[in-house]
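Each remark here refers to the structure printed beneath this line.
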Amino acid sequence: MAIFNGTEGNDTLNGLTSKDVLYGNAGNDALYGNAGNDTLDGGTGNDTLKGGKGNDTYIVDSTKDVASEDNCSGGIDTVKSSVDWTLGNHFENLILIGTTAVKGYGNKLSNIITGNSIGNELRGGDGHDTLKGLLGSDTLNGGAGNDKLYGGEDDDYLSDSEGNNSLYGEEGNDSLNVDFSLGNNLLEGGSGVNSLSASHSVGNNILIGGAEGDSFYISGSSGNNTLNGGGSPDDGIDYYVISDSSGNNVVNGGDGIDRILAYRVTGANTLNGGNGDDYYYISTPSNAPSDLVTQTVDGGTGKDYLAVNYSNYATEGITSTFNPITNEGLIVSGTNQVSYSNIEELSIFGTPYDDNLVGGNGDDGLYADNAGNDTLSGGAGNDYLSAYFNSGNKTLNGGDGNDFITGSSSNDTLDGGNDDDYLFGAGGNDIVIGGSGNDSLLGDSGIDSLTGGSGNDILIGGSGNDSLTGESGNDIFAFDSYNEGVDTIGDFNPADDRIQVSSTGFGGGLSIGSLLTSQFTIGTAATTSDQRFIYSSRTGALYFDQDGSAGGFTKVQFAQLSSGLSLSASNFDIVLSLG
Numbered sequence: 001m002a003i004f005n006g007t008e009g010n011d012t013l014n015g016l017t018s019k020d021v022l023y024g025n026a027g028n029d030a031l032y033g034n035a036g037n038d039t040l041d042g043g044t045g046n047d048t049l050k051g052g053k054g055n056d057t058y059i060v061d062s063t064k065d066v067a068s069e070d071n072c073s074g075g076i077d078t079v080k081s082s083v084d085w086t087l088g089n090h091f092e093n094l095i096l097i098g099t100t101a102v103k104g105y106g107n108k109l110s111n112i113i114t115g116n117s118i119g120n121e122l123r124g125g126d127g128h129d130t131l132k133g134l135l136g137s138d139t140l141n142g143g144a145g146n147d148k149l150y151g152g153e154d155d156d157y158l159s160d161s162e163g164n165n166s167l168y169g170e171e172g173n174d175s176l177n178v179d180f181s182l183g184n185n186l187l188e189g190g191s192g193v194n195s196l197s198a199s200h201s202v203g204n205n206i207l208i209g210g211a212e213g214d215s216f217y218i219s220g221s222s223g224n225n226t227l228n229g230g231g232s233p234d235d236g237i238d239y240y241v242i243s244d245s246s247g248n249n250v251v252n253g254g255d256g257i258d259r260i261l262a263y264r265v266t267g268a269n270t271l272n273g274g275n276g277d278d279y280y281y282i283s284t285p286s287n288a289p290s291d292l293v294t295q296t297v298d299g300g301t302g303k304d305y306l307a308v309n310y311s312n313y314a315t316e317g318i319t320s321t322f323n324p325i326t327n328e329g330l331i332v333s334g335t336n337q338v339s340y341s342n343i344e345e346l347s348i349f350g351t352p353y354d355d356n357l358v359g360g361n362g363d364d365g366l367y368a369d370n371a372g373n374d375t376l377s378g379g380a381g382n383d384y385l386s387a388y389f390n391s392g393n394k395t396l397n398g399g400d401g402n403d404f405i406t407g408s409s410s411n412d413t414l415d416g417g418n419d420d421d422y423l424f425g426a427g428g429n430d431i432v433i434g435g436s437g438n439d440s441l442l443g444d445s446g447i448d449s450l451t452g453g454s455g456n457d458i459l460i461g462g463s464g465n466d467s468l469t470g471e472s473g474n475d476i477f478a479f480d481s482y483n484e485g486v487d488t489i490g491d492f493n494p495a496d497d498r499i500q501v502s503s504t505g506f507g508g509g510l511s512i513g514s515l516l517t518s519q520f521t522i523g524t525a526a527t528t529s530d531q532r533f534i535y536s537s538r539t540g541a542l543y544f545d546q547d548g549s550a551g552g553f554t555k556v557q558f559a560q561l562s563s564g565l566s567l568s569a570s571n572f573d574i575v576l577s578l579g
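Going left to right, the sequence shown walks through residues 1 to 579 as UniProt numbering numbers them.
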């Protein structure tokens, strides 16, 4: 091996046929390696470097340096650059050196481009390239060809939309992107919190997360993609977003906590949460598929939640079923279908058509849409059934568990089922049934029929002439105001039941607590100025008079009880308000 050293001037150095090292030092030098595996270092100045035959290495430190290779020279040639550099023709490799953030670009060949310890921009160009970011926060783009991109350490951005590519984030919080790709790509996030995207792509891509919380995006794509998460419940949350896509995608959530969202999809997707407490959200596409398409959801182990929203774009109502033994269910609207299993909490958002929404074994939420005559059945668990501010006549059945049920503005039937339920009829003439348990029933507006069932119930008719029946148990019949209509209490038992009124709504100087003996009388009118409540034992009418016998206020009937009851002040409780 021969070593050639230039001077401080403008030198011309020629190597031999062996493995030579040429140092130009200062000045604008011309270095020619000739044959052999040579190293050419022009030093400072604007240098001209030509390696000749063999596997040559060029060291450049100025953008005005000229490095050239002939096609006939052969060999694998490498440029080491401390400045921004684009490989010339017939060069294979580029290595960035130094301690500044410089850029490295490839040519039409299959290049290996390696960054330095600072954040670099690496672009492969044509050919099947390999890009290595190493240290620093790097930006890598493979260009045309089937490329391999390695982010290295720190937070890197890797992208490639041409060819069949492999992107490896490695360490750090990386972003991997093959958006608008026509090929089949592999994206592997590595360690850190990573973002992986294959949106608007056509090919079948594989996206693999790491041990920490990663984000996966498939939007506007037609390929069949596979999204694999990982990690444990303590390693962050993985997010999977599939939207406006027609491909048949597969999500495997792994051991961590997953959030899996499928918006407006027309493909048949398979969503597996694996271990951990996972969340799924599925909505209908703007254009229903011509053939039946099934979204398959398997919650796996853990406490999993599924929300299905068909409130937008649906063309038919929902029919849903659930098998409490196998913990499997089916939700169908036209050609859209969701088949689910191992889901502990379920929410279904209905359509403008006639829906039949059925909950699962857990604490479910069933939501009727604005129109349609819907049936909502909560099943087991503490369920939330809502038709609030909707039109259409609804039937809502809570089933087992402590349920919260709200009706619509139309004529509804609400049935709490077993356990302790809250039922709110809202507008319309509603039938509200508490069932077993200690229930709270509120009719609100309309002419409602409230039946408490077994247990200690609270019945509030609201405005309108309502029918209230407590049935068994120690029941409370509550009134917010004296002028909301005349409610009929069909089975008031003075030994067990109570009447509750709001001091705010009734007025008349009522004090919170038990009604004073002096404020109650049996008869047809108040006989003292202290008396406020008058019960007609002959007719069963119950009146309120704000000033008793003072004459400034005319008594108002607010309830109708059975006649001949042994009613007394001890049957009344005064509260500030019913809220």
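Heads up, the beta-carbon is just placed ideally off N, CA and C, and yes, glycines get one too.
Who does phenylalanine 424 pair with in a DSSP beta bridge? Thr406, Leu442
Under 8 Å by Cβ, that's how I've got threonine 451 and glycine 434 pegged, so tell me the actual separation to the nearest angstrom. 7 Å
Determine the burial state of glycine 210: buried for a count of at least 16 other Cβ atoms within 10 Å of its Cβ, exposed for fewer. buried
What number of angstroms, rounded off, separates the C-alpha of alanine 268 from the C-alpha of valine 83? 50 Å
Which first and last residues belong to the beta strand (DSSP E) in which serine 219 is found? 215–219
For serine 195: DSSP bridge partner residues: Ser175, Ser215
Can you list, in chain order, the residues of its chain whose CB lies under 6 Å from that of glutamate 188, leaving out five sequence neighbours each side? Tyr168, Ile208
Can you tell me whether DSSP reads asparagine 225 as helix, strand or coil? coil
Cross-strand partners of tyrosine 32 (DSSP beta bridge): Asn14, Lys50
Would you list, in sequence order, the uninterrupted beta strand (DSSP E) runs of no fewer than 3 residues that lie entirely inside the segment 362–411? 365–367, 375–377, 384–386, 395–397, 404–406
Specify the secondary structure class of phenylalanine 477 as computed by DSSP and reduced to three states. Here phenylalanine 477 sits in strand by DSSP.
Tell me whether glutamine 295 sits in a helix, a strand or coil according to DSSP, three-state version. strand
Test item: CB-CB of phenylalanine 180 and histidine 200 under 8 Å: yes
Would you tell me roughly how many angstroms separate the C-alpha atoms of glutamate 328 and glycine 446, rounded to the nearest one? 39 Å
Entirely within the segment 130–182 and at least 3 residues each: give me those beta strand (DSSP E) ranges in chain order. 130–132, 139–141, 148–150, 157–159, 166–168, 175–177
Beta-ladder partner(s) of threonine 469, from DSSP: Thr451
Helix, strand or coil for threonine 517, going by three-state DSSP, please let me know. Three-state DSSP puts threonine 517 in a helix.
Just verifying my parser: in three-state terms, what is the DSSP assignment at alanine 2? Here alanine 2 carries a coil assignment [DSSP, helix/strand/coil].
Determine the direct distance from the alpha carbon of glycine 124 to that of asparagine 107, and round the result to whole angstroms. 7 Å
From asparagine 418 to glycine 399, what does the alpha carbon distance come to, in whole angstroms? 6 Å
For aspartate 174 and glycine 115, the rounded distance between their alpha carbons: Taking the CA atoms as reference points, glycine 115 sits about 16 Å from aspartate 174.
Could you round the C-beta distance between tyrosine 310 and threonine 284 to whole angstroms and report it? I think they count as a contact, below 8 Å. 5 Å
Note down the Cα distance separating isoleucine 59 from leucine 186, rounded to an integer number of angstroms. Roughly 34 Å separates the two Cα atoms.
Residue interval of the beta strand (DSSP E) (run including valine 553): According to the sequence shown, residue 553 is phenylalanine rather than valine. For phenylalanine 553, no beta strand (DSSP E) run applies, since DSSP gives it neither H nor E.
Residues of its chain near leucine 149, where Cβ-Cβ distance is below 6 Å and the 5 sequence neighbours each way are ignored: The answer, listed in chain order, is Leu131, Leu140, Gly142, Leu158, Leu167.
Using 8 Å for Cβ pairs, my map puts aspartate 56 next to aspartate 70. What's the rounded Cβ distance? With a beta-carbon spacing of about 11 Å, aspartate 56 and aspartate 70 fall beyond the 8 Å limit used to define contacts.
Compute the Euclidean distance between the alpha carbons of asparagine 390 and alanine 371, then round it to the nearest angstrom. 6 Å
Hey, arginine 264 and tyrosine 240: beta-carbon distance below 8 Å or not? no
From which residue to which residue does the alpha helix (DSSP H) around glycine 9 run? Here glycine 9 belongs to no alpha helix (DSSP H), and DSSP marks it neither H nor E.
Which full runs of the beta strand (DSSP E) of 3+ residues lie inside the segment 327–364, going along the chain? 328–333, 336–341, 345–349, 356–358
Residue from Asp156, Gly45, Gly317 with nearest C-alpha to proline 352: Gly317
Starting from serine 81, trace the beta strand (DSSP E) in both directions and tell me its first and last residue. 78–81
Can you tell which of Leu423, Ile348, Asp374 has its C-alpha closest to the C-alpha of glycine 392? Asp374
Can you tell me whether glutamate 344 is buried or exposed? The criterion is at least 16 other CB atoms within 10 Å of its CB, across all chains shown. Buried, by the Cβ-count rule.
Measure how close the beta-carbons of glutamine 546 and glycine 507 come, nearest whole angstrom, since I'm counting them as under 8 Å. 6 Å
To which residues of the same chain is serine 436 closer than 8 Å at the C-beta, ignoring the five residues directly before and after it? Gly417, Asn418, Asp419, Gly453, Ser454, Gly455
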